[in-house]
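The next block holds one structure in the form of structure tokens; read it before the comments.
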Amino acid sequence: MFPLEEITHTTCTGYQDQHPHTILYNILSGKESGYLNTKLNHHATAHNCHCEQRRTVCLKYPKATCQVASSVLVKTICFVRSLPSFSQLPSGDQSLLLRHCWVPLFLLGLAQEKIVFEVTDEPNSSILRQILLGPQLTERKDDRPTLAGVHKLRTCLHHIWDLDLSPKEYAYLKGALLFNPAVHGLSALLLIEGLQQEAQKALQEVIHGRHPEDTVFFGHVLLAASTIQTVSHSLVTELFFKPVIGNTNMLHLLTDMLFVQ
Numbered sequence: 001m002f003p004l005e006e007i008t009h010t011t012c013t014g015y016q017d018q019h020p021h022t023i024l025y026n027i028l029s030g031k032e033s034g035y036l037n038t039k040l041n042h043h044a045t046a047h048n049c050h051c052e053q054r055r056t057v058c059l060k061y062p063k064a065t066c067q068v069a070s071s072v073l074v075k076t077i078c079f080v081r082s083l084p085s086f087s088q089l090p091s092g093d094q095s096l097l098l099r100h101c102w103v104p105l106f107l108l109g110l111a112q113e114k115i116v117f118e119v120t121d122e123p124n125s126s127i128l129r130q131i132l133l134g135p136q137l138t139e140r141k142d143d144r145p146t147l148a149g150v151h152k153l154r155t156c157l158h159h160i161w162d163l164d165l166s167p168k169e170y171a172y173l174k175g176a177l178l179f180n181p182a183v184h185g186l187s188a189l190l191l192i193e194g195l196q197q198e199a200q201k202a203l204q205e206v207i208h209g210r211h212p213e214d215t216v217f218f219g220h221v222l223l224a225a226s227t228i229q230t231v232s233h234s235l236v237t238e239l240f241f242k243p244v245i246g247n248t249n250m251l252h253l254l255t256d257m258l259f260v261q
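Each residue of the sequence shown is one higher than the one before, counting from 1 in full-length UniProt numbering.
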């Protein structure tokens, strides 16, 4: 039901080839850009950890970073679409699971690709702009990413990097996060619960094979997984995708990407 080949031997090339001209795909894929596979720099990140500050921030290099993030998101959706166990679920359950877990899966994708990014203080709006927009401007600013939120996101990535997971471990961890029976409204609840148990069992077996003497490593992986599930969906959307999609609803885009033929 959850064979090894099902989630470890999948790529997004088929999906990319099938939809080379769709507007949605071109917006999110950033197909002319390569990955920014830069190495993790613990010391540089540590100096930016002003986690108590509520200053709003934005990407320092939005064009390049958003293209990379969009590419990771496309690969994430390709991974989900490629799982037979997922595709056989009712479409409503597929949509609910994706809407609930796309951020953790996306963050695992960032971690697996070793993606790093820089932020800078968001430019202050002009006085005239504040007068003209009034409360509307304040409301939008409240939704903007903060330095504290970015620090939390980076900390989650650090925890994943420290584990040095293999491709198989990443794949099974994604499966365990995707098949989440705690999501409200699922119709195939028992099936999804069984799929999550199989993914966790497969993950544990792979970890035991790599770390036979380490009895706590599996627990560390589950702890890291639970941590990335606490990252705000709005933070990820505003930081990595708002510059690309504007006011378009992110969940609607994800659903379109999932079910487009």
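Each residue gets a CB set at the ideal place from its N, CA and C atoms; glycine is no exception. Bear in mind the structure is a predicted one, so any value in this text is a computation, not a measurement.
CB contact flag (residue i, residue j, <8 Å)
| i | j | result |
| --- | --- | --- |
| Leu258 | Arg81 | yes |
| Glu169 | Val216 | no |
| Phe218 | Gln204 | yes |
| Leu186 | Asp93 | yes |
| Val244 | Cys66 | yes |
| Arg99 | Leu251 | yes |
| Leu157 | Leu190 | no |
Cutoff 7 Å; reference residue i; Cβ partners in own chain excluding five residues on either side
| i | result |
| --- | --- |
| Leu163 | His220, Val221, Ala224 |
DSSP three-state assignment for residue i, whether helix, strand or coil
| i | result |
| --- | --- |
| Thr215 | coil |
| Thr255 | helix |
| Glu32 | Confidence at Glu32 is low in this model, with a pLDDT of 39, below 50, so its placement is unreliable and no value can be given for it. |
| Leu59 | strand |
| Asp121 | strand |
| Thr248 | coil |
Selected residue, minimal CA-CA separation from residue i, among the options
| i | options | result |
| --- | --- | --- |
| Pro145 | Met250, Thr120, Thr227 | Thr120 |
| Ala202 | Gly175, Ile192, Ala188, Gly109 | Gly175 |
| Phe179 | Gly149, Leu108, Cys101, His159 | Cys101 |
| Leu97 | Leu108, Ala188, Leu147 | Ala188 |
| Pro167 | Arg210, Gly185, Leu186 | Arg210 |
| Tyr61 | Leu83, Ser95, Glu118 | Glu118 |
| Val183 | Ala64, His233, Leu59, Ser95 | Ser95 |
| Thr56 | Ile160, Leu147, Thr248 | Leu147 |
Own chain residues within Cβ distance below 8 Å of residue i, not counting five before or after
| i | result |
| --- | --- |
| Pro104 | Leu177, Ala225, Ile228, Gln229, Val231 |
Residues of its chain near residue i, where Cβ-Cβ distance is below 6 Å and the 5 sequence neighbours each way are ignored
| i | result |
| --- | --- |
| Cys58 | Glu122 |
| Lys63 | none |
Would you call the segment 144 to 159 and the segment 234 to 249 in contact, with 3 or more CB pairs under 8 Å?
The segment 144 to 159 vs the segment 234 to 249: in contact.
Three or more C-beta pairs under 8 Å: does that hold for the segment 102 to 114 against the segment 190 to 202?
Because the criterion of three Cβ pairs below 8 Å is not met, the segment 102 to 114 and the segment 190 to 202 do not touch.
Contact between the segment 89 to 96 and the segment 62 to 79: three or more CB pairs below 8 Å?
Result no; under three Cβ-Cβ pairs closer than 8 Å.
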